[in-house]
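Convert by adding 70 to the 1-based position in the sequence shown; the result is the number in the working numbering. Just so it is clear, CB atoms sit at the ideal spot from N, CA and C, and this is done for glycine as well. Taking it in order: structure first as structure tokens, then the write-up.
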Amino acid sequence: MKEMDENLLKNEDNKKVISGLKTIWRKDEEGLKKMIITKAVARVLATLTGREDILEKMKGVEGIVEMYSFWKDAEKSGIEKGKQQGKLSVVLKLLEKLLGKLKPDLEMKIVNSKEETLDSIIIHIFEIHNEEDVLKWL
């Protein structure tokens, strides 16, 4: 598809799908800013690129969409999720190093914690000596 000439296609939506894929694969931010497409084309692009998060953001949007804003919002959301997962991983590793294997119910509470709670555990890690101490910060 990368070598495909979208201008040979007759259907405008198909042209926009191929052109959009090329723009996305090249990570062409300027091209994304210019990409104003129908919701149907945007849905196909999001599906083909594995960006279900963009599909979620498009719910309720009608007609024409400006793909760049959806893409940037989804990217920002992905970064935030990655930070949360990173903090969770650090907290679990630190606690396992300090306390040994955690009880499954405590581990689940930590996994389901908000980012602020994880931050609090990280800040107070040197005050934690047992699982009861962890519960103070949850």
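Extent of the continuous alpha helix (DSSP H) to which residue i belongs
{"i": "Ile-149", "result": "137–169"}
{"i": "Ile-192", "result": "185–193"}
{"i": "Ile-94", "result": "82–96"}
{"i": "Lys-179", "result": "174–181"}
Straight-line gap, residue i to residue j (C-alpha atoms, nearest Å)
{"i": "Asn-77", "j": "Ile-88", "result": "9 Å"}
{"i": "Met-105", "j": "Lys-151", "result": "26 Å"}
{"i": "Gly-133", "j": "Asp-189", "result": "42 Å"}
{"i": "Met-178", "j": "Leu-79", "result": "52 Å"}
{"i": "Gly-90", "j": "Asp-123", "result": "17 Å"}
{"i": "Val-204", "j": "Lys-142", "result": "36 Å"}
{"i": "His-74", "j": "Lys-171", "result": "Checking the sequence, you will find Met at residue 74 rather than His. Straight-line Cα distance between these residues: approximately 54 Å."}
{"i": "Val-131", "j": "Ser-183", "result": "32 Å"}
{"i": "Lys-72", "j": "Ile-180", "result": "44 Å"}
Inter-residue CB distance, residue i and residue j (contact presumed, cutoff 8 Å)
{"i": "Leu-169", "j": "Glu-201", "result": "6 Å"}
{"i": "Ile-94", "j": "Leu-115", "result": "7 Å"}
Cβ-Cβ distance between residue i and residue j below 7 Å
{"i": "Ala-55", "j": "Met-137", "result": "It is not possible to answer for residue 55, since the shown part of the chain is limited to 71 through 208."}
{"i": "Phe-140", "j": "Lys-127", "result": "yes"}
{"i": "Val-160", "j": "Ile-191", "result": "no"}
{"i": "Ile-195", "j": "Leu-164", "result": "yes"}
{"i": "Gln-155", "j": "Glu-185", "result": "no"}
{"i": "Ile-107", "j": "Lys-86", "result": "yes"}
Range of the contiguous beta strand (DSSP E) that encloses residue i
{"i": "Ile-124", "result": "Counting along the chain, Ile-124 falls outside any beta strand (DSSP E), though it belongs to the alpha helix (DSSP H) covering 122–128."}
{"i": "Thr-11", "result": "No answer is possible for residue 11: it lies beyond the span of the chain, which begins at 71 and ends at 208."}
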